[in-house]
Every structure is written in structure tokens, then in C-alpha cells.
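Here the structure is laid out as C-alpha cells; the discussion comes afterwards.
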Amino acid sequence: MPLLALALLALWLYCLFDAITTPDEEARNLPKLLWVIIIVLVPLAGGVFWLLLGRPVGPRSPRVSLPGDAPRPQAPRGPDDDPDFLRDLDRRLRDDD
Numbered sequence: 001m002p003l004l005a006l007a008l009l010a011l012w013l014y015c016l017f018d019a020i021t022t023p024d025e026e027a028r029n030l031p032k033l034l035w036v037i038i039i040v041l042v043p044l045a046g047g048v049f050w051l052l053l054g055r056p057v058g059p060r061s062p063r064v065s066l067p068g069d070a071p072r073p074q075a076p077r078g079p080d081d082d083p084d085f086l087r088d089l090d091r092r093l094r095d096d097d
């Protein structure tokens, strides 16, 4: 019995967190605030209704990128992937002969 109570609590917390973090425009059928109120006041049924009727369908919209999140150019993974290193190595091998 305690395991069932723990599972229901986990479901309720998941649904509540999911509803709170869902963008307002992606909540279906009701406004997001109303979904959160329903989940809090009617825990089991509210969570199930959220999963079936309120949760967004499909992938979530991309998050807003922050200034520090700019894509970085991909650096060579190892010396043998770096064309400059290979050119320099080839030049040094020829100079040694």
C-alpha cells in the first residue's frame, strides 16, 4: 500500500511540474493556470486529465537561447583530425630526410 501511495505522489508531482513548466500557449483545452489549479485541487483525476487532455502533443518548442549559448565551431578531436597539424607533421618528416 505505501508503494501505491508513493507512485500516486510521484505521478501528481510529475503532472504538477510538467504543467507549471509548459509554456502558456502550448497547454491544450484550458488555460495553463486552470490546469495547475485542477491538478492541485483534484490530485489523481487532475493529473490524469492533464496527461490526456492538457499536455502538449509532440516535441516542445525550442528554448530561448542565452547569449552564452552561441554555437561554437567544432574543434578537432585529436591531432590526426587537425589539417594544420598533419601539414606540419608532413613538412617536418620531409625536412628530416
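Position one of the sequence shown corresponds to residue 1 (the UniProt record's numbering), numbered consecutively onward. For each residue, glycine too, the CB sits at the ideal point set by N, CA and C.
Query, Result
"Cβ contact (3+ pairs, closer than 8 Å) linking the region 6 to 20 and the region 32 to 52", "yes"
"Option nearest P56 by Cα separation, candidates R77, P43, P31, A7", "P31"
"Exposed unless 16 or more other CB atoms sit within 10 angstroms - verdict on T22", "buried"
"CA-to-CA distance, E26 to L53, given in whole angstroms", "12 Å"
"D18 in three-state terms, based on DSSP", "helix"
"P73 versus A10: straight-line alpha-carbon distance, rounded", "41 Å"
"First through last residue of the alpha helix (DSSP H) which encompasses G46", "43 to 49"
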